[in-house]
Amino acid sequence: MTIFSRMTDIINANLNALLDKAEDPEKMVRLIIKEMEDTLVEVRSTAARAIADRKELMRRRDWLASEADEWQRKAEVAVGKDRDDLARRALSERNKAQEAVESLTSELDLLGETLDKLNGDLSALQAKIKDAKAHQNAIIMRSKAAKTRLGVRRQLNEHNVDEAMRRFEAYERKMDDLEGQAEAYDMGQKTLADEIADLEKGEQLDSQLEELKAGLAERRSGPEKADT
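The structure is reproduced here in structure tokens:
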């Protein structure tokens, strides 16, 4: 695959489509960026060589153009001296130089078109690299999150959740039994606070009893006063 065909494939590539098919998107996006950056270096090198070639061709064309002008001048000198034979030879050399100038001009036009295409491809490739790098950060974060979730799921599958809950419930039941045993030891044994609370309850009942007696006595004395 040539640099130009590879570059065209990369420029026309749909990053999302490539990443959707990848088993490891994080690795895939790194490979894509590496491939793009390598291609970018090659394209720039190719463009640099093309620019150097254009400068060399332009210098040669300019030199041949000046040569054509010089042979034209010499032909005119020969004609002025009535040396048509020399004038013909000078004109022949001028024609060769002009033909070479025209040929080089055509080459320069083609080279200019190539450079224009390279410039457009470089811009497109740089935009693709920027897009890929923007995808890279998001994909790495998504990949890490997915791997974390996958690890949790695997761990949950490897360590049966239902079994873990049963063990947890058994542990809670064991704690209930221990607390029940502790509370059983305390049954029938009154603390100081319990005894004082009992006294307070007794005082309250005594007070309520006195109130009850006073009320009954008042109701009984009421009819006796009415008889007198």
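Once you know that position 187 of the sequence shown is 191 in the numbering used here, the rest is easy, because the numbers rise by one and skip nothing. We put the CB at the ideal spot given by N, CA and C, even for glycine.
- Listed in chain order, the non-local C-beta contacts of Gln76 below 7 Å within the same chain comprise Arg98, local neighbours out to five positions each way being set aside.
- Its Cα nearest to that of Ile37, the residue Leu129 stands out among Asp66, Arg48 and Leu129.
- The beta carbon of Asp57 sits closer than 8 Å to those of Leu115, all from its chain and outside the five residues before and after it, given in chain order.
- The beta carbon of Thr109 is closer than 8 Å to those of Arg65 in its chain, skipping five residues each way along the sequence.
- Distance from the CA atom of Ala218 to the CA atom of Asp210, rounded to whole angstroms, is 12 Å.
- Under the three-state reduction of DSSP, Lys217 is assigned to helix.
- Secondary structure of Lys100 (DSSP, three-state): helix.
- In this structure, Val33 places its C-beta atom within 8 Å of the C-beta atom of Gln140.
- Straight across, the Cα-Cα distance linking Gln208 with Asp180 is about 36 Å.
- The three-state secondary structure of Lys85, taken from DSSP, is coil.
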